[in-house]
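Each remark here refers to the structure printed beneath this line.
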Amino acid sequence: MNRLLIIEDEAVVARMYEKIFNYAGFTVEIAGDGEDGLAKVKNTNPDLILLDIMMPKMDGLKVLDILKKDEFTKNIPVVVLTNLGNDAVVTEAFRLGATGYIFKSGMSNDRIVEEVKQYLAPPKDQVPQG
């Protein structure tokens, strides 16, 4: 079972994602802000982090930068969540090491789960042949 850490400051949105991913068979932990997320990541050792960009205290880009510079967390895939239609923010997230991004609005629950599963799947050249 895949472990997912969702770092999202909007409680309603976080709970919605928690329900979606629990239903899809994931174990989910929620952090309400960037500082909480950085504390929880080391305890939960997630397989993937869903990270909101716009948060109080510490924004998602700062959290991403810290995660990717830390030896313990640098290899955990991070998918950023945004409603911003700002290419510069997405470009900066990729520069900092984001694995992918998901626009929060306008995407079906099934599509969100499929996107996350895609980022969890090993690259095709690493899939054992048999």
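Quick note on numbering: the sequence shown equals residues 1 to 130 in the UniProt record's numbering.
Built from N, CA and C at the ideal position, the CB exists for glycine as well.
- With 16 or more other Cβ atoms inside 10 Å of its own Cβ, P46 counts as buried.
- Annotation: the continuous alpha helix (DSSP H) that includes F94 extends over D87 to L96.
- Bounds of the beta strand (DSSP E) holding D52 are L48 to D52.
- Here the alpha carbons of G100 and Y119 stand approximately 8 Å from one another.
- The C-alpha of D65 lies about 30 Å from the C-alpha of Y23.
- Assigned with DSSP and collapsed to three states, G37 falls in helix.
- Going by DSSP, I76 is part of no beta strand (DSSP E) at all; its letter is neither H nor E.
- In this chain, the beta strand (DSSP E) harbouring A31 covers T27 to A31.
- As far as DSSP is concerned, F21 takes part in no beta bridge.
- The Cβ-Cβ distance between G37 and V63 falls below 8 Å.
- Under the DSSP definition of a beta bridge, V80 partners with L51 and Y101.
- Beta-bridge analysis with DSSP links I6 to I30 and L50.
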